[in-house]
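Student:
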Amino acid sequence: MLALLAGLFAFTSSRSGGIRGKIVPADGADRVVAVSGKDTLTAQISRGHLTFNNVKADTYQILIKGRAPYKDTSIENVAVIDSTTTDIGDIKLVQ
111 MLALLAGLFA
121 FTSSRSGGIR
131 GKIVPADGAD
141 RVVAVSGKDT
151 LTAQISRGHL
161 TFNNVKADTY
171 QILIKGRAPY
181 KDTSIENVAV
191 IDSTTTDIGD
201 IKLVQ
């Protein structure tokens, strides 16, 4: 019984992290996604600030779909650790 309770606690105490950053200019991106293996997450974007919530610990590629005249761009090897939000800083889009 104790082993079962320990297993349940370990399962329920798993925590997720997050990713945040800022698109410059604020209206320069249509969509931002994070990809890791078969997982694809879509960011919430508000006034250029992007946020991914409830992200599993892993390493992600961030893909930014630029809004014309801005070009698409990506950020490689963004590491997320349990219970931590990774700040990727300002992402300056180019024309």
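Position one of the sequence shown corresponds to residue 111 (this note's numbering), numbered consecutively onward. Virtual Cβ for every residue (Gly too), placed ideally from N, Cα, C.
#1: Under the rule that 16 or more other beta-carbon atoms within 10 Å means buried, what is G117, buried or exposed?
#2: With a 10 Å radius around its C-beta and 16 neighbouring C-beta atoms as the bar for buried, classify A189 as buried or exposed.
#3: In chain order, what residues of the same chain lie with their CB nearer than 6 angstroms to the CB of V204, ignoring the 5 residues before and after it?
#4: Considering only the beta carbon of each residue, do K132 and H159 sit closer than 8 angstroms?
#5: Since I129 and I191 should fall inside the 8 angstroms C-beta cutoff, what is the C-beta to C-beta distance between them, to a whole number of angstroms?
#6: Starting from the C-beta of S184, find all residues in its chain whose C-beta is less than 8 angstroms away, skip the five residues before and the five after it, and write them out in chain order.
#7: What is the C-beta distance between S193 and N164, in whole angstroms, given that I count them as a contact (C-beta under 8 angstroms)?
Tutor: By the coordinates alone:
#1: Low confidence applies to G117: its pLDDT is 49, below 50, so where it sits in the model is not reliable enough to give any reading.
#2: If you draw a 10 Å sphere on the C-beta of A189, you find fewer than 16 other C-beta atoms in it, and that means exposed.
#3: Closer than 6 angstroms at Cβ, skipping near neighbours: K181.
#4: Yes; because the gap between Cβ atoms is below 8 angstroms, this pair is in contact.
#5: In this structure, I129 and I191 do not form a Cβ contact; the two beta carbons are roughly 11 angstroms apart against a cut-off of 8 angstroms.
#6: Sequence-distant Cβ neighbours of S184 in its own chain, meaning closer than 8 angstroms and more than five residues away, are Q171, I172, L173 and I174.
#7: Actually they are not in contact, since the Cβ atoms of S193 and N164 sit about 11 angstroms apart, beyond 8 angstroms.
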